[in-house]
Structure formats: C-alpha cells, structure tokens
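Colleague: Residues 4 to 385 (this note's numbering) make up the sequence shown, in order. To start, I am sharing the structure in question, which I have written as structure tokens.
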Amino acid sequence: MTAVNANIAAPRMMLVAGGAVAQLPDMLRKFSLARPLVVTDPIMVSTGLVQRCLDPLSAAGIEAAVFSDTVSDPTDTVIEAGVARWKMGAFDCLIGFGGGSPIEMRDYKVPAQADHGAAPVIAIPTTAGTGSECTRFTVITDTERGEKMLIAGLGALPLAAIVDYELTFTVPPRTTADTGVDSLTHALEAYVSKRANPFSDAFAVSAMALIGRHLRTAYAEPRNTEARQGMMLGATQAGLAFSNASVALVHGMSRPIGAHFHVPHGLSNAMLLPAVTRFSLPAAPARYADAARRIGLADHIDDGLSACARLITGLESLNKDLSVPTPSTYGIKETDWHDKISLMADQALASGSPANNPRVPSKDEIIALYREVWTGAVSNRP
C-alpha cells in the first residue's frame with residue numbers, strides 16, 4: 004500500500020442530530036464559554052429562525068448579542084463591521100448561525116496561511132452545502148478589486164459545530180439546489196484532487212452517495228426528513244473531504260463569476276460542473292468512473308468509459324432537473340461576460356485551486372471553458 008501523507012484538520016467537537024441546536028448551551032459550557040456574539044443574516048432574523056439558536060441560550064441564562072448584517076457572499080466591508088461589533092462587547096466566542104457566510108483582509112488570502120484565529124467559533128449551518136462548519140477555508144470578496152479571496156488556515160476552522168438537519172426544512176428550493184450542488188462539487192473535487200488521501204476519500208465517497216441519493220428529493224419535497232437528513236450529513240462529510248484534500252478547477256473558476264456577476268456560489272459551481280468535469284476526465288478516468296457509480300449516475304457493471312460518459316450526462320441532467328440556468332439565461336450580458344473572461348481566468352489561476360485539478364489547465368483553456376459555459380454548449384474536446 005502507498006504510504007499515507009496527510010495533514011488532517013477537523014473541529015474538536017461536532018454534534019450531528021435532529022434538534023441538536025438545543026444542546027448549544029451544553030457545548031459552550033464544555034469549552035468554558037459564556038459570552039457569545041451570534042453572527043447571522045437578516046433573513047435568519049426576519050424569519051425567526053435565529054430564535055432556534057437564541058432561545059436555548061436564554062433558557063440557560065446565557066446572554067447573547069446578535070450581529071445580523073452578514074450577506075450571502077461575505078465582503079471585506081461586512082467583516083470590518085463585524086469586527087467593530089466584536090470590539091464593542093466583552094465576547095469570548097462567535098456563534099455562526101446560517102449559511103457559509105478587520106485587519107487588511109488581502110494580507111490573508113492564499114497563498115498566505117491564516118492559522119491564528121482571534122476567537123473560538125461555534126458553527127451552526129442552516130443549509131446543506133458549504134461545509135463551512137468543518138473546514139479551514141473561507142471566501143471573502145474584496146469590494147475594491149472585485150475579487151473573491153480564498154482564505155485558508157486553521158484560524159478559519161471552527162472549534163466546534165452543531166449539524167442539525169431540522170434547521171433546513173424551510174430552505175427554499177433554489178437555495179436547496181444551489182447548496183446541494185455545491186456540496187456535491189466539494190465531494191467530487193476532493194475525490195479527484197491531486198491532494199486526495201485515504202481520509203478525505205472516505206468522506207468524499209460517502210458524501211457523493213448521500214447527495215446523489217437525496218438531492219432531487221430535498222429539492223422537490225422540502226420537508227422530507229430522510230432527504231434533509233441525508234443532505235445535511237452529506238454536506239458535512241463533503242466539507243471534511245475538501246478541507247483535507249482541497250477543491251479544484253470548478254471552484255477556482257466559480258469564485259470570479261460570483262465576484263463579478265453576483266451569482267450565488269453553488270449556482271456558479273453548477274453552471275461549471277459538467278463542462279469542467281468533461282475537460283478533466285482524461286487525466287483521472289478511473290476516479291471519475293468510480294465517482295459516477297458512487298453518485299448513482301452509473302451502475303457497477305458499467306465499464307470505465309461508459310461510467311465516465313454517464314457521469315457527464317448525469318450532471319447535465321441534474322442541472323436540468325434543478326433548473327440551473329446558463330450565465331446567459333441567468334441574465335448576464337454577453338458583452339460583460341466576455342469582457343471579464345481574461346480577468347476571471349487570471350483570478351481563477353491565482354486562487355491556486357486549478358493546480359489541484361487532475362488536468363491542470365492553462366489560461367487559454369480556462370478561457371475556452373468560460374466561453375463554453377456561456378451557452379451551455381457541449382464540448383467534444385478529449
């Protein structure tokens with residue numbers, strides 16, 4: 004057996020269960036924490052979902068403050084506002100409640116290593132997608148430069164997490180679809196990444212199976228308990244997988260789309276996934292064939308070539324079933340898209356993620372992929 008060379012990172016504690024958010028006070032006590040600042044967004048407040056976090060704290064006599072000005076794709080200006088709120092109180096921890104969403108932030112973007120966190124973080128996801136509750140990555144938009152900066156390091160890794168699928172029952176179908184494809188992309192890219200290892204593989208294959216089995220049902224039946232539970236567990240496993248193997252070309256190309264055109268992260272991943280997978284197949288056919296079988300897009304009796312073909316058609320079919328638009332049908336102007344392609348290719352390469360891809364692209368190849376994705380055209384490239 005090939006020697007294992009892996010540097011494993013994960014939260015110190017994770018509670019994974021329906022209704023687990025009620026155990027938040029007990030978790031804080033385990034770590035001798037008592038003065039939390041809850042970081043969330045306006046939707047969590049307006050819908051009242053944030054009370055699922057605040058009520059157990061109040062009942063336990065723990066007074067929590069709330070910062071609710073975050074946005075779906077966090078920006079450096081939001082971070083600055085959050086830091087200002089932190090400095091206003093004598094807080095000893097942060098509780099992140101919601102989706103995956105200062106000091107000069109540019110100083111921390113990859114290839115810098117942000118290994119020193121300023122405060123312990125308890126993460127409570129309310130979507131099954133980003134995996135941020137268990138990863139050492141975050142993405143912050145530089146508003147001045149229009150760049151999504153990848154921040155990586157142990158400082159971004161939560162101390163602990165509560166993974167409660169019951170918090171996802173009210174997530175709307177579009178968000179369910181986008182975050183679901185995001186988690187599928189995490190698992191698939193972790194599995195084919197050049198930095199994959201046996202630890203990340205174990206989580207990736209389990210996540211692909213769970214997401215492949217449950218995503219369509221969670222999208223069509225928002226209150227299907229089995230589907231929501233499967234998606235939440237799959238998303239967390241996918242997060243553990245990519246946090247310890249890294250993502251690749253899809254994510255590298257996705258971030259600039261979000262930064263320049265404000266496309267939700269999971270949706271831009273979905274736009275890219277079939278074309279990028281088709282491009283990458285020749286460099287890791289055995290891995291992609293196995294992924295197709297794990298996701299449920301190919302049978303175990305399919306040979307490698309057939310399984311790879313089924314993977315591409317299956318991903319395209321999934322996008323159709325989830326009503327994933329092309330950039331043009333999303334509403335992006337053709338001239339704007341093509342004017343930004345060269346810059347987006349540079350930013351994708353600068354993120355470092357494409358270097359983890361089985362087939363490492365040149366700038367010209369990334370540009371060609373962006374052009375292909377514009378119309379959703381099927382490529383005949385080998």
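The beta-carbon is built from N, C-alpha and C at its ideal position, and this holds for glycine as well.
(1) Report yes if the CB atom of Cys96 is closer than 8 angstroms to the CB atom of Pro77, and no otherwise.
(2) Taking DSSP's pairing of strands, which residues face Phe100 in a bridge?
(3) Assuming Glu169 and Gly21 make a contact with CB atoms under 8 angstroms, what is their CB distance in whole Å?
(4) Our contact map puts Ala289 next to Gly307 with C-beta atoms below 8 angstroms; I'd like the distance itself, whole angstroms only.
(5) Under the rule that 16 or more other beta-carbon atoms within 10 Å means buried, what is Leu321, buried or exposed?
(6) For Glu150, which option in Ser365, Arg216 and Ala351 has the closest C-alpha, if you only look at C-alpha atoms?
(7) When you compare only the Cα positions, how much space is there between Met274 and Thr73?
(8) What does a CB cutoff of less than 6 angstroms around Val279 pick up in its chain, not counting 5 residues either side in sequence?
(9) So the beta strand (DSSP E) Ala67 belongs to, where does it begin and stop?
(10) Assuming Leu276 is part of the alpha helix (DSSP H), what are its boundary residues?
(11) Tell me the rounded alpha-carbon separation between Val166 and Val363.
(12) Could you check how far apart the C-beta atoms of Ala193 and Ala244 are, in whole angstroms? I think they sit under 8 angstroms.
(13) Start and end of the alpha helix (DSSP H) containing Val142?
(14) DSSP state of Ile304, grouped into three classes?
(15) State yes or no: is the C-beta of Ala241 within less than 8 angstroms of the C-beta of Ala210?
(16) Ala155: which of Arg148, Cys137 and Ile369 sits nearest, CA to CA?
(17) Please identify the residue among Val19, Pro14, Ala9 and Pro59 whose C-alpha is closest to the C-alpha of Asp29.
(18) Can you list, in chain order, the residues of its chain with a C-beta nearer than 7 angstroms to that of Arg15? Leave out the 5 residues immediately preceding and following it.
(19) Buried or exposed: where does Ser283 fall if 16 or more other Cβ atoms within 10 Å of its Cβ makes it buried?
(20) Buried or exposed: Glu375, going by 16 or more other Cβ atoms within 10 Å of its Cβ?
(21) Grab me the residues of Val250's own chain with a C-beta within less than 6 angstroms of its C-beta, minus the 5 sequence neighbours each way, in chain order.
(22) If we call anything under 8 angstroms between Cβ atoms a contact, is Ile11 one with Phe206?
Modeller: According to the structure shown:
(1) Going by C-beta atoms, Cys96 is not nearer than 8 angstroms to Pro77.
(2) Phe100 has Ile127 as its beta-bridge partners, per DSSP.
(3) Right, the Cβ-Cβ distance comes to about 5 angstroms (below 8 angstroms), so this counts as a contact.
(4) Their Cβ separation, rounded to whole angstroms, is 6 angstroms, which keeps Ala289 and Gly307 in contact under 8 angstroms.
(5) When all chains shown are included, Leu321 counts as buried.
(6) Of the listed residues, the one whose Cα sits closest to Glu150 is Ala351.
(7) Each residue's Cα considered, the two are about 25 angstroms apart.
(8) Correct list, in chain order: Leu252 and Val253.
(9) No beta strand (DSSP E) holds Ala67; DSSP gives it neither H nor E.
(10) Start and end: His268 to Ser283.
(11) Val166 and Val363: Cα-Cα distance of roughly 34 angstroms.
(12) Confirmed, about 4 angstroms.
(13) Annotation: Val142 is outside any alpha helix (DSSP H); the continuous beta strand (DSSP E) that includes it extends over Phe140 to Asp145.
(14) Correct three-state label for Ile304: coil.
(15) Ala241 is a Cβ neighbour of Ala210, given a cutoff of 8 angstroms.
(16) Selected option, being the one with the closest Cα: Cys137.
(17) The option with the nearest alpha carbon to Asp29 is Pro59.
(18) Excluding sequence positions up to five before and after Arg15, its CB lies within less than 7 angstroms of the CB of Leu162 and Ala163, all in the same chain and listed in chain order.
(19) It counts as buried.
(20) The residue in question, Glu375, is buried, as its Cβ has 16 or more Cβ neighbours within 10 Å.
(21) If we look at Val250 and ignore the five residues flanking it on each side, its Cβ neighbours are Glu192 and Ser356.
(22) In this structure, Phe206 does not lie closer than 8 angstroms to Ile11 by Cβ.
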